[in-house]
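Trainee: Letter 988 of the sequence shown, counting from 1, is numbered 1015 in our numbering, and no numbers are missing.
Just so you know, even glycine gets a beta-carbon here, dropped at the ideal spot from N, CA and C.
Please read through the structure below; I'll follow up with questions.
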Amino acid sequence: MKKFNIRKVLDGLKEQASSSASSGQSGTQENNLMQETLQSENFQLCKTVRHGFPYQPSSMAHDPVQKILAIGTQSGALRLFGRPGVECYCQHESGAAVISLQFLINEGALVSALADDSVHLWNLRQKRPAILHSLKFNRERITFVHLPFQSKWLYIGTEKGNIHIVNVESFTLSGYVIMWNKAIELSSKAHPGPVVHISDNPMDEGKLIIGYESGIVVLWDLKSKKADYRYTYDEAIHSVAWHHEGKQFICSHSDGTLTIWNIKGQGKPFQTITPHGKQPKDGKKPEPCKPILKVEYKTTRLGDPFMILSGGLSYDTVGRRPCLTVMHGKSTAVLEMDYPIVDFLTLCETPYPNDFQEPYAVVVLLEKDLVVIDLAQNGYPIFENPYPLTIHESPVTCCEYYADCPVDLIPALYTVGSRQKRQGYSKKEWPISGGNWGLGTQSYPEIIITGHADGTVKFWDASAIMLQVLYKLKTAKVFEKSRNNKEDKQNTEIVDEDPFAIQIMAWCPESRILCVAGVSANVIIYRFSKQEITTEVVQLLEVRLQYEVNDMESPPEGGGGGDRGGGGDRDLPTPGTASPSPQTTGPPTHPSTSSNSSDGVRDNVACLKVRSSPLKQSPGYQVELVVQLVWVSGEPPQQITSLALNSSYGLIVFGNSNGLAVVDYLQKTVLLNLGTVELYGSNDPYQRQPRSPRKTRQPSGGNGLCDINEGSASEDRCKSPTSAKMSRKLSLPTELKPDLDHRDNSFSRSRSSSVTSIDKEAREAITSFHFCETFARKGDSTITPCLYVGTSLGTVLAVALNLPPAGEQRLLQPVIVLPSGTLGRLKGSILRMAFLDNTGTFLPPAFELWYEPNAVGADSEERDKARKRRPVSVSPSTSQELQESQYAVVCSEKQAKVIALPSQNCIFKHSITETSFVLRADVVQMNIGNCVACFCANGHIMTLSLPGLRPLLDVNYLPLTDMRIARTFCFTNLGQAMYLTSPTEIQRITYSQETCENLQEMLGELFTPVETPEAPNRGFFKGLFGGGATSLDREELFGETQAGKASRGLAQHIPGPQGLEGMKGAASGVVADLARARIALDERGQKLGELDERTAAMLASADSFGKHAHDMMLKCKDKKWYQF
């Protein structure tokens, strides 16, 4: 019987619905459209991998045999790190902070304790770790957890001062409990406080040391169930550490002291040390210092022991950075850290606590960094960190993601980036080297670009679900360093902080040209070069992009050539800046003439000052041109909302809420400088009412300048993307009204929610651009280079580009720019435009191949040849005169349309959302076709087929809880996407079914079979006379037979979501046989346990029956038969 597929039926119904919504003229065209190859079966959404530093870390653990590191966070996340490229992310469902982590060393398992008093056992023998068991404490709060090496009994200390013991195999509580009132002296009336430390004596497993916060330490004898010794100090305890011989231990205290105790000398400490205290000459106690939060005591076979501690600085070191102190013999090294220390661990050669530790490194977990210090080299250098943990070095303000890049791009970026690396790192290999890489088949190059608040741009190699920094560009070098002059700041800057922050980036991977727009209304164009140069004068263009609708005068007829140089006669360019003549390539005039006018109105002032001294530019990205928007008649420039470049045409275009400017970066001229209204010409669909001019403004030319103030002061309007003041609260999508924009200012298309409807129409912002070779006007028979412009009111406008021939002519003859009318209108702001040919193939914009811009000699001849070549273009030839030879795909915040060209008929239309709005939309190429990918503010990720706009995927994935997600969400080709899930972490996802299926192979393995090192040799005399390590039969002591059952209400056992099924996931990959054997043993143990329980139940039943029979016999034995 043929299987019934409801999904295909639904696809058919949706296709009919979308067809019925299309225009009336499309009936005959739909039959001629190409066959759509993508179906809903080709799409599936899943998370792939998370990169970056764990946000708000809270705890850490290390497996010294497997050599893997685990970090827990305050949001309940777990990040596991092995060798570079082997990372894993897990999440506790409750989201409670992870307060402690303990590895089952070399067992492929991890115990986590959370702030909600739950304990979990994670199975790390599978590529995606899973919880096997959980235990939730109901009556007591967990404060400390300890798991001895090669033990299955976990000690849990609580806030009440009690210690409970858990069997980690079955995750059941033992009846053995150490009560606080039995541990401390009976004469003591005060409660000792929470348990802050538990550990067993390295030489005697039967002796347990318990540290209480109040300053009491107890040596507990597990067998006799009583305290052997008690040690009292009058300062609170933060941590305790053993000497490996088990005869001494060390405590760190809240007054900055360390006390060393002999286990048999309980009266007072053997030695008291204040590492950072000033020693008075009269023999008095040193001045108290800050608390020592943790101390570790590690011994070496040949030298002095190491004492490593965090905190303990004296109170008079105000402003000093957090420190880690390493005391080795008579030397004390104080290592300053950039951020507060969360935790640290000493890495040792042996996992056995009763052997010489031989420490070789210290892993220091900071609030925003992970540092590993080499203890074996003089000066304690740090290891070079191979993990991508520097994403947040400066806050990320924008991202771009490119899949399937040119193959030579990553090696080129790596070559120039390798010269930027710091020196002075440890020469040893990174010590956290566990796990194995995945066997991924995904081989195409992927690059992520991040823009940051300090003006840096970072390029990352993101191929094969890994992440590695390639190259770092500092855009702030182009500008003069800002002086702390408040008056000067008020005159120029339009942001409260981070004036160099990157707002938008445009990149052409083929030509390697990069264009960045900053929050201070500037655009910088960079070229990639492998040679170092010194730029004597940075090329600068200044643009006056301000307009006001004072009257309904329409723009001049045929405004192409006349609009060059800032809008023709009506808005004359500043002398020497936006002039159309090519002579602007000479030394620019920095705005010395742009001082305030006589009445104090700032005019022609740039927000940042471009540096006037020579700029040395290293190999990599080198500045080609700086374009700045300037103040006009007291009005500051609006931030740039959209940006695009085309390397084939040599043009960049940018727009804001006032209009757009087209710049020829080859001739260094402004070609077009228009207000949005003037792009319409006389066909403006919005009859905008004139506004009265401001009294403070001087009349300027024939056309006044647009009033761009939305509030009373400019600082309320233009803020840095990282400024806390800048963002308004985003309304929930369900509360959105169709006629209002509840949007954050960090959106590039933001509009003030307080603007009146007339103002809103008059202030139509430019929201997107697309360069292409297509039909400029309705009914054209030939294709020409064009620029398509999308606005915040949903209009798509065309601008025709008349380019000179390639080569020398391109540098001499002017480019003619001619607005050509509207293509159509959609609901909401235009987000993305793209073009398909008549077979449904995606038409990428034409591009120029990269050449070395600073070549000399023979190389320069190659460069000239490259420049004279026709640019690469995949558009159909101009001789084609097909009836409908192209399709324009346009996506807005509310809907998507497919428009046939050159007839400009809308043949497909789809309403994406009614109650929410689209944040990010892209036309992406999959392996077997193209689609539209959308991310909505209500959390839905959707894909639509092309050209039919049939819904193929709709998953409620991620509600918009943070504006950072909206600002950084990116789609790219081949089913990949990413966003910043926290200020420090990138989350990558895929919407491709093929990638989801291959993901298991691509992921690395954390657990690898490794032999546990041999236990230390006891030696002949220790074996003969005793004195070696004493073992303890914990099974007998803590088992139910001797200890009894734990109180039922104390904790609740919760089996993991997978239980033994989760273990079966480990039975793939390298450890298949071992995992299967382990599973078989566990299943056998489980069955034996069940059999044991049934046997015990039958025995109890038999005992009960025997007792009842005996009672009946006693009752009846003296009665005669007739008495029954």
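Name the one or two DSSP bridge partners that G851 has.
Mentor: Beta-bridge pairing links G851 to V823.
Trainee: Quick one: complete beta strand (DSSP E) runs, 3+ long, within the region 855 to 889?
Mentor: 857 to 864, all fully within the region 855 to 889.
Trainee: Output needed for R991: all residues of its chain with C-beta closer than 6 angstroms, excluding positions within five of it in sequence on either side, in chain order.
Mentor: Around R991: L1007.
Trainee: For R1015, write down the residues that DSSP places opposite it in a beta bridge.
Mentor: In DSSP, R1015 forms a bridge with V76, M1005.
Trainee: On the criterion of 16 or more Cβ atoms from any shown chain inside 10 Å, does Q52 qualify as buried, or is it exposed?
Mentor: Confidence in Q52 is poor, its pLDDT being 38 and thus under 50, which makes the residue's placement unreliable; the coordinate value appears in the next sentence. Q52 is exposed by the Cβ-count criterion.
Trainee: According to DSSP, is N710 part of a helix, a strand, or is it coil?
Mentor: DSSP places N710 in helix when its eight states are reduced to three.
Trainee: Can you tell me the Cα-Cα spacing of F506 and S640, whole angstroms?
Mentor: Between F506 and S640, the C-alpha separation is close to 10 angstroms.
Trainee: Three or more beta-carbon pairs under 8 angstroms between the region 998 to 1017 and the region 336 to 344, yes or no?
Mentor: No, the region 998 to 1017 is not in contact with the region 336 to 344.
Trainee: Leaving out the 5 sequence neighbours to the left and right, which residues in its chain are closer than 6 angstroms to L698 when beta-carbon positions are compared?
Mentor: Correct list, in chain order: R591, V689, D691, V842, V844.
Trainee: Going by DSSP, which residues form a beta bridge with C799?
Mentor: C799 pairs with C813.
Trainee: Taking I540 and I531 to be in contact with their CB atoms under 8 angstroms, please state how far apart those CB atoms are, rounded to whole angstroms.
Mentor: Not a contact, Cβ separation roughly 15 angstroms.
Trainee: Hey, out of G202, E232, Y203, V245, whose CA is closest to V222's CA?
Mentor: Selected option, being the one with the closest Cα: V245.
Trainee: In its own chain, which residues sit with a C-beta less than 6 angstroms from the C-beta of W877, not counting the 5 before and 5 after it?
Mentor: Excluding sequence neighbours, W877 sits near S538, R539.
Trainee: Could you give the uninterrupted runs of the alpha helix (DSSP H) lying entirely in the region 374 to 457, keeping only those of 4 residues or more?
Mentor: Counting only runs of 4 or more, we get 436 to 444.
Trainee: I need the DSSP call for W180, collapsed to helix, strand or coil.
Mentor: Strand, per DSSP.
Trainee: Among A544, K395, L1059, which residue has its Cα nearest to the Cα of S421?
Mentor: S421 has its Cα closest to that of K395, out of A544, K395, L1059.
Trainee: Suppose contacts are defined by Cβ-Cβ distances below 7 angstroms. Is Y914 in contact with P1010 by that definition?
Mentor: No, these two residues do not count as a Cβ contact at 7 angstroms.
Trainee: What are the start and end residues of the alpha helix (DSSP H) that includes R994?
Mentor: Where R994 is concerned, the enclosing alpha helix (DSSP H) stretches over 990 to 995.
Trainee: What residue range is occupied by the uninterrupted beta strand (DSSP E) comprising M969?
Mentor: M969 -> beta strand (DSSP E) spans 967 to 972.
Trainee: Looking at E875 and S675, is the spacing between their C-beta atoms short of 7 angstroms?
Mentor: Result yes, Cβ atoms of S675 and E875 sit closer than 7 angstroms.
Trainee: Which partner residues of F935 appear in the DSSP bridge assignment?
Mentor: Per DSSP, V925.
Trainee: Shortest alpha-carbon distance to A210 belongs to which of D227, G188, M230, E427?
Mentor: The shortest Cα separation from A210 among D227, G188, M230, E427 belongs to G188.
Trainee: Closest to V423 by C-alpha separation, out of L329, H78, D481, D989, would be which residue?
Mentor: Selected option, being the one with the closest Cα: D481.
Trainee: Is M953 helix, strand or coil when you go by DSSP?
Mentor: Residue state, collapsed to three classes: strand.
Trainee: Give a yes or no on whether the C-beta atoms belonging to C115 and L107 are separated by under 7 angstroms.
Mentor: Against a cut-off of 7 angstroms, the Cβ pair of L107 and C115 comes out as a contact.
Trainee: Could you spell out where the beta strand (DSSP E) holding W658 opens and where it closes?
Mentor: Unbroken run through W658: none, as it is neither H nor E.
Trainee: Quick one: measure Cβ to Cβ for L393 and Y366, integer angstroms, because I've assumed they're closer than 8 angstroms.
Mentor: The pair is a contact, with the Cβ atoms about 4 angstroms apart (cut-off 8 angstroms).
Trainee: Could you pull out every residue in the same chain whose Cβ sits closer than 6 angstroms to the Cβ of R896, ignoring the five residues on either side in sequence?
Mentor: Because R896 carries a pLDDT of 48, less than 50, the predicted location of this residue cannot be relied on, and the following value inherits that uncertainty. Closer than 6 angstroms at the Cβ level, and outside the excluded window around R896, lies no residue.
Trainee: Compute the beta-carbon to beta-carbon distance between L814 and F796, rounded to the nearest angstrom, for a pair I have assumed lies under 8 angstroms.
Mentor: About 6 angstroms separates the two Cβ atoms, so the contact holds.
Trainee: What distance in whole Å lies between the Cβ atoms of T352 and L374, which are believed to be in contact at a cut-off of 8 angstroms?
Mentor: Incorrect: roughly 17 angstroms between the Cβ atoms, too far for contact.
Trainee: Which parts of the region 335 to 363 are runs of the beta strand (DSSP E), unbroken and 3 residues or longer, counting only runs that do not cross its ends?
Mentor: Whole beta strand (DSSP E) segments, 3+ residues: 350 to 355, 358 to 363.
Trainee: E1024 to E835, Cα distance in whole Å?
Mentor: The alpha-carbon atoms of E1024 and E835 are separated by roughly 52 angstroms.
Trainee: Who does M532 pair with in a DSSP beta bridge?
Mentor: In the DSSP output, where bridge partners are listed per residue, M532 has V543.
Trainee: Where T301 and T326 are concerned, what is the direct C-alpha to C-alpha distance, given to the nearest angstrom?
Mentor: Approximately 20 angstroms between the Cα atoms of the pair.
Trainee: State the CB to CB distance for the pair P812 and L838, rounded to an integer number of angstroms; the pair is presumed to be in contact (CB under 8 angstroms).
Mentor: P812 to L838, Cβ: 17 angstroms. No contact.
Trainee: Given that a residue counts as buried once 16 or more other Cβ atoms are within 10 Å of its Cβ, and exposed if not, what is G330?
Mentor: With fewer than 16 other Cβ atoms within 10 Å, it is exposed.
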